[in-house]
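A short write-up of the structure that comes next.
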Amino acid sequence: MVRYGRVGGRWVVALGILAGVAWLLGCQDAAGPRPVRPSQGPSTPLIVSAPVLPPPVASTSVAAASRAGGDSVVFVSAPPGSFPGAAFATIQNRATGLSVTTPVINGGFDPIPVTAVVGDSLEVTVTTAQGARQFHAVVPVRGHQPPVVVRTTPPDQKTDVPVNSVMSVVFSEPVIPTSVTTASLTLFQGSTMVAASVQVIDPPQLVATLTPATILSPHTSYQLVVRTGIQGADSLPLSAVTTVAFTTGDSVNSSIASVTIIPASFDTIRTLGDTFRLTAVARDADGAVITGAVIDWSTSNASMPFVVQAGGGTSFYSNTRGTSVVMTPYASGSTVVRASAGVASRSVTINVRQRLAGLVFSLEGNPLAPDSVEFVIGEQREFSAFAADAHGYTMLGAAVPTLSSSDPSVASLVWGSNDADAPALFLVAGNPGLANVIATLTTPDTRLVDTARVSVISPPPVATVELAPHGVRGVVGGVIQMAVTAKAASGRILDRRATWTSSDPAIATVDTVGTVTGHAPGVATITATIEGQTGSETVGFDVVAYGADGLGAHCALSVTGAAYCWGEGSYGSLGDGSTLRNPTPVAVQQGDLTFVALSASGQHTCGLTSAGVAWCWGRNVYGELGTGPNAGCVGWSDAGCRTLTPAAVAGGPTFSTIEAGGLHTCALTAAGVAYCWGHNAYGETGNGLTDGVTYTSTPVQTALRFTSISVAYGATCGVITDGRAFCWGDNGYGQLGDGTTISRTAPTAVSGGPRFSAVKTGGDFACGLTAGDGLAYCWGVDQFGQLGRDAGPCDGYQDLMPCSPSPAAVSGNHSFVAITLGGGYACGLAAAGDAYCWGYNGEGQLGIGAIDNAAHMSPALVAGGHRFTALTAGNGHTTCGLATDGAVYCWGMIPAPPGPGGAAMSPVPVKLVGQP
19 MVRYGRVGGR WVVALGILAG VAWLLGCQDA AGPRPVRPSQ GPSTPLIVSA
69 PVLPPPVAST SVAAASRAGG DSVVFVSAPP GSFPGAAFAT IQNRATGLSV
119 TTPVINGGFD PIPVTAVVGD SLEVTVTTAQ GARQFHAVVP VRGHQPPVVV
169 RTTPPDQKTD VPVNSVMSVV FSEPVIPTSV TTASLTLFQG STMVAASVQV
219 IDPPQLVATL TPATILSPHT SYQLVVRTGI QGADSLPLSA VTTVAFTTGD
269 SVNSSIASVT IIPASFDTIR TLGDTFRLTA VARDADGAVI TGAVIDWSTS
319 NASMPFVVQA GGGTSFYSNT RGTSVVMTPY ASGSTVVRAS AGVASRSVTI
369 NVRQRLAGLV FSLEGNPLAP DSVEFVIGEQ REFSAFAADA HGYTMLGAAV
419 PTLSSSDPSV ASLVWGSNDA DAPALFLVAG NPGLANVIAT LTTPDTRLVD
469 TARVSVISPP PVATVELAPH GVRGVVGGVI QMAVTAKAAS GRILDRRATW
519 TSSDPAIATV DTVGTVTGHA PGVATITATI EGQTGSETVG FDVVAYGADG
569 LGAHCALSVT GAAYCWGEGS YGSLGDGSTL RNPTPVAVQQ GDLTFVALSA
619 SGQHTCGLTS AGVAWCWGRN VYGELGTGPN AGCVGWSDAG CRTLTPAAVA
669 GGPTFSTIEA GGLHTCALTA AGVAYCWGHN AYGETGNGLT DGVTYTSTPV
719 QTALRFTSIS VAYGATCGVI TDGRAFCWGD NGYGQLGDGT TISRTAPTAV
769 SGGPRFSAVK TGGDFACGLT AGDGLAYCWG VDQFGQLGRD AGPCDGYQDL
819 MPCSPSPAAV SGNHSFVAIT LGGGYACGLA AAGDAYCWGY NGEGQLGIGA
869 IDNAAHMSPA LVAGGHRFTA LTAGNGHTTC GLATDGAVYC WGMIPAPPGP
919 GGAAMSPVPV KLVGQP
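Counting in this note's numbering, the sequence shown runs without a single skipped number right up to 934 at its last residue.
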């Protein structure tokens with residue numbers, strides 16, 4: 019039985035973004051440069067790259083890509099003219115059974131990704147529109163293949179090229195963007211080089227464009243030269259110089275009159291996991307192909323979004339841009355995919371209805387492959403079976419197979435409740451031996467039976483004991499949670515209880531579950547003992563004084579530049595090398611780094627050194643760390659998506675300010691130039707697109723210079739030198755403040771408001787302080803009173819919710835010197851040091867002495883009589899302030915050991931533990 023699927027699933031669309039320069043530019047002319055390509059066997063026009071990590075960043079070695087297993091892909095392509103008269107090409111990896119289908123246009127097809135490693139075999143079948151097989155071959159996947167040119171636009175010997183054309187080159191694999199320069203991609207008129215700019219389209223870095231600085235001369239011969247200085251994924255140079263000669267006419271590209279989608283229709287798809295490509299062609303009124311057309315794609319079914327899978331990161335959205343999309347359905351359903359260019363558009367309906375083909379066993383929610391499993395006597399784990407299609411993908415809503423055991427004394431099946439308190443079937447290991455679990459599914463059309471083999475063994479002895487985290491430091495009065503892992507000699511993880519001890523109880527004590535409490539400055543060794551085997555780690559505790567710079571609701575900077583973080587650590591955002599939760603501050607493992615600024619979103623954190631170098635850590639699903647994609651990242655909670663200690667942001671200049679938001683990050687240079695990276699489904703990185711993911715620091719597309727910047731989920735705001743505020747990104751609740759609920763991909767002026775000294779963003783709302791008098795104005799959603807007044811409803815894209823799409827004054831006429839926003843609430847700091855908060859108070863984050871769910875629409879004085887010099891709020895419903903006595907106080911979800919209710923909440927300021 020096939021085992022290539024997964025339990026559950028959804029639609030996935032991996033973008034083949036060619037930015038308006040892909041097959042559109044070659045649809046009329048099959049001729050092109052003859053590529054020099056790696057040998058793939060006799061009489062095989064196919065080009066198969068070496069395995070690389072998914073775009074936009076490729077592995078630096080084939081060995082590394084091969085070790086990545088299913089995370090690596092090869093790119094398969096064929097130059098124009100390879101298969102005259104063909105309509106489709108299907109590439110199937112014989113090792114996985116999964117296939118990819120792409121249209122064949124002008125006898126060829128652009129590079130399409132196929133999951134594979136060195137040693138796999140790809141079966142390629144090329145057919146006509148009527149389904150007749152025209153070509154068939156099996157080609158191996160090899161390592162160390164240099165990139166080649168698949169085709170160019172215009173093709174070689176093309177005449178009558180429009181004088182306003184953009185030249186493009188399609189490569190056989192992603193190329194390194196920095197290797198594509200005006201020296202390696204050049205246009206000549208005779209011996210004179212034509213002034214031009216070059217760009218690599220990202221993602222997926224398969225296409226480079228050359229745009230002349232001025233229109234070309236009519237009826238003139240030119241040469242496009244592609245040199246070997248261009249490097250592919252393994253830093254191997256282009257296999258040969260490619261020279262393309264063409265002659266201009268006197269025409270220019272016309273306006274778009276129609277759009278065609280290839281293929282124009284689909285049969286119902288019966289199996290999940292296979293991939294196919296949609297390509298759009300734009301034409302003028304005379305039917306001529308429009309070169310350089312920008313194609314926008316949309317899907318009608320929000321539950322079947324487009325998805326970018328690049329470098330292990332995954333981003334979900336309903337709109338994208340590019341000449342083609344490569345789609346992989348991972349759920350049954352229907353959607354209408356529309357391609358639009360200007361006023362013209364075309365759509366195609368895609369229906370997915372799985373066909374029952376087999377059964378899949380599931381162990382604790384994961385497919386069991388192969389159909390055998392080993393249990394230890396007394397062990398019990400959730401066990402089930404599901405109906406599946408031919409690729410092993412489960413069929414949601416289908417009848418559930420019945421399970422039985424061939425020997426209940428060895429393996430019995432009992433009902434119970436799982437971790438979600440839902441009814442679940444468990445396999446319980448009894449006596450040592452072998453048993454079969456039989457799954458049976460009977461439908462009106464068929465009867466399916468499958469068997470899983472269960473082996474029950476006696477408990478193996480513990481061979482090793484390991485502790486984590488390693489070398490962690492906390493604060494006096496705080497706690498550090500240690501984790502223990504016991505393993506058998508085979509490496510099997512064993513469920514055993516440990517006995518814990520501390521080498522110096524005066525410094526640190528440890529309880530029965532590994533929670534270490536610091537009592538005095540110093541270092542102690544914590545030891546866990548299981549069946550006579552021991553594992554040890556040192557823990558340290560310090561007394562820490564914090565400064566105003568870098569003060570956050572989840573992290574703070576000491577006066578010496580050391581970062582301390584607390585709270586949820588499952589994404590590695592604490593920076594202590596673990597994914598454990600620590601309710602009190604633990605030191606970030608920053609080595610010799612000294613930070614001067616710090617910003618924490620709760621799921622990722624970033625800091626700046628005195629040299630302006632940015633370092634980030636935590637979750638990196640959407641590129642929010644700016645370090646490029648994490649190899650092995652396959653989903654929101656996957657371990658490969660986490661960076662547990664600080665990593666340098668790739669590329670870009672040095673920065674003076676950095677802000678970590680929910681899913682993206684922005685920073686300012688000393689000159690006020692804004693850079694952003696991370697999630698970009700709404701245009702929140704300001705690059706002019708909604709391209710899902712921006713993996714490295716990218717300039718915001720504006721000439722504006724900012725004095726401050728602030729980020730939140732889906733939106734970004736900044737203030738420029740003259741005090742005007744600009745925002746961009748998601749605007750469903752009017753949080754951009756431009757008077758509309760239309761999302762923006764570039765900075766858009768906040769409407770009607772005064773000049774601001776600062777603007778801060780929160781969860782779907784924003785607030786600013788006026789220059790001079792410090793009055794607070796807010797805009798966006800207002801379901802909790804976070805705008806500081808009673809706003810009426812505004813019709814956003816999500817639902818009818820109280821909101822204001824334009825700035826309006828916060829009630830009370832308070833004057834503030836600083837403002838900070840959290841999840842549904844805001845706080846302001848007065849010149850005298852008084853703190854005022856308003857909005858949501860479900861965890862006591864307003865600090866007003868009570869916890870309630872009322873909408874507090876007016877600023878209320880924080881209790882306790884403290885005077886503050888800095889104030890910060892967070893989406894985790896925690897507020898902290900640096901008081902004039904030099905101590906940090908927090909309220910709401912405070913950084914302290916949990917109380918009787920399971921969480922530490924305080925409606926009044928509480929001094930952060932571990933301070934002088």
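Heads up, the beta-carbon is just placed ideally off N, CA and C, and yes, glycines get one too.
Are residue i and residue j close, meaning C-beta to C-beta below 7 Å?
i, j, result
"alanine 721", "tryptophan 746", "no"
"isoleucine 869", "alanine 881", "no"
"alanine 872", "cysteine 785", "no"
"valine 493", "valine 931", "yes"
"isoleucine 837", "leucine 787", "yes"
"histidine 488", "glycine 658", "no"
"alanine 231", "alanine 213", "yes"
"phenylalanine 886", "alanine 853", "yes"
"tryptophan 797", "serine 761", "no"
"valine 455", "serine 423", "yes"
"isoleucine 3", "isoleucine 308", "Residue 3 is absent from the model: the chain starts at 19 and stops at 934."
"threonine 545", "threonine 503", "no"
Can you check DSSP and say which residues form a bridge with residue i?
i, result
"glutamate 392", "Ser473"
"tryptophan 635", "Thr623"
"cysteine 812", "Met819"
"valine 17", "There is no way to answer for residue 17, as the model of the chain reaches only from 19 to 934."
"asparagine 110", "The sequence given here places glutamine at residue 110; asparagine does not occur at that position. According to DSSP, glutamine 110 bridges with Ser117, Glu141."
"glutamate 677", "Cys684"
"histidine 832", "Paired residues: none, contrary to the question."
"tyrosine 907", "Gly899, Lys929"
"phenylalanine 613", "Thr627"
"arginine 356", "Ser316, Ser365"
"isoleucine 130", "Val94"
Just how far apart, CA to CA, sit residue i and residue j?
i, j, result
"alanine 901", "glutamate 549", "50 Å"
"threonine 196", "alanine 226", "11 Å"
"serine 715", "threonine 663", "19 Å"
"serine 69", "arginine 160", "Note on identity: in this sequence residue 69 is proline, with serine being the wrong assignment. Taking the straight line joining both Cα atoms gives about 8 Å."
"valine 122", "glutamine 148", "13 Å"
"tryptophan 909", "threonine 612", "28 Å"
"alanine 566", "glycine 679", "19 Å"
"lysine 778", "histidine 572", "17 Å"
"proline 478", "aspartate 407", "38 Å"
"glycine 331", "alanine 878", "For glycine 331, the predicted structure reports a pLDDT of 38, less than 50, and the residue's modelled location is therefore unreliable. The matter cannot be settled from this model."
"valine 277", "glutamine 217", "25 Å"
"glutamine 607", "valine 490", "8 Å"
"threonine 461", "leucine 374", "10 Å"
"alanine 416", "valine 156", "36 Å"
"valine 835", "serine 380", "57 Å"
"aspartate 513", "glycine 587", "23 Å"
"serine 769", "leucine 254", "51 Å"
Comparing the C-beta of residue i with each C-beta of chain D, is any distance below 7 Å?
i, result
"proline 98", "This model lacks chain D altogether, as it is built from one protein chain only."
Original post:
Residue ranges of each alpha helix (DSSP H) run of no fewer than 4 residues wholly in the stretch 444-531, ordered along the chain?
Top reply: List check, alpha helix (DSSP H) in window: nothing returned.
Original post:
Between the stretch 178-195 and the stretch 228-243, are three or more C-beta pairs nearer than 8 Å?
Top reply: With the cut-off at 8 Å, the stretch 178-195 and the stretch 228-243 touch.
Subject >> the stretch 465-479 in contact with the stretch 576-589 per 3-pair CB rule at 8 Å >> reply: They do not touch, by the three-pair rule.
Original post:
Curious, which full-length beta strand (DSSP E) runs of at least 3 residues does the stretch 395-429 contain?
Top reply: Listed in chain order, they are 398-406, 420-423.
Subject >> Runs of beta strand (DSSP E) wholly within the stretch 730-762 (minimum 3 residues, chain order) >> reply: Within the stretch 730-762, the complete beta strand (DSSP E) runs of at least 3 residues are 733-738, 743-747.
Subject >> Ranges of the beta strand (DSSP E) found wholly within the stretch 205-229, counting only runs of at least 3 >> reply: Those beta strand (DSSP E) runs which fall completely within the stretch 205-229 and span 3+ residues are 214-218.
**OP:** Check whether the stretch 396-411 touches the stretch 434-453, taking contact to mean three or more Cβ pairs, one atom from each stretch, closer than 8 Å.
**Re:** Contact between the stretch 396-411 and the stretch 434-453 is present, with at least three C-beta pairs closer than 8 Å.
**OP:** Identify every run of the beta strand (DSSP E) within the stretch 774-807, keeping only runs that are complete inside it and at least 3 residues long; order them along the chain.
**Re:** If only uninterrupted beta strand (DSSP E) runs of at least 3 residues are considered, those enclosed by the stretch 774-807 are 774-779, 783-788, 794-799.
**OP:** Check whether the stretch 726-734 touches the stretch 694-714, counting contact only when three or more Cβ pairs, one atom from each stretch, lie closer than 8 Å.
**Re:** Three or more Cβ pairs closer than 8 Å define a contact, and the stretch 726-734 meets that threshold against the stretch 694-714.
**OP:** Report the residue ranges of all beta strand (DSSP E) runs contained in full by the stretch 232-310; include only those spanning at least 3 residues, in chain order.
**Re:** Listed in chain order, the complete beta strand (DSSP E) runs (minimum 3 residues) inside the stretch 232-310 are 239-244, 260-266, 276-280, 293-301.
**OP:** Examine the Cβ distances between the stretch 551-559 and the stretch 517-537 and report whether three or more of them are shorter than 8 Å.
**Re:** The stretch 551-559 is in contact with the stretch 517-537.
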